[in-house]
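Each remark here refers to the structure printed beneath this line.
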Amino acid sequence: MTENPMVRVAGGSPTDEELAAIVTVVSEHYEQEASTATITDEPVDRWSRSLRMRDTRRREWGRFAG
């Protein structure tokens, strides 16, 4: 990452106002990012999902390959 961090935690005990400010800023930034997202989540049917779990290649059993 070449950019400077947007938030730096220096330590200590934040006040209620500081916590509210950072929550507001992070929430607003998240909403902006989510609204401009270009990839949509497409629904995946059960067959396709289970296909990821299946491996149809025949594998050797190591020393027991006989």
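The C-terminal residue of the sequence shown carries number 89 in our numbering, and the numbering is unbroken. Beta carbons: idealized from backbone N, C-alpha and C, even for Gly. Here the structure is a predicted model, which means the values were calculated and not measured.
Worksheet item: What's the gap between the Cα of SER50 and the Cα of GLU56?
Response: 10 Å
Worksheet item: How many angstroms separate the CA atom of LEU42 from the CA atom of THR59?
Response: 26 Å
Fill in: Helix, strand or coil at THR47 [DSSP, three-state]
helix
Worksheet entry | GLU65 versus HIS52: straight-line alpha-carbon distance, rounded | 24 Å
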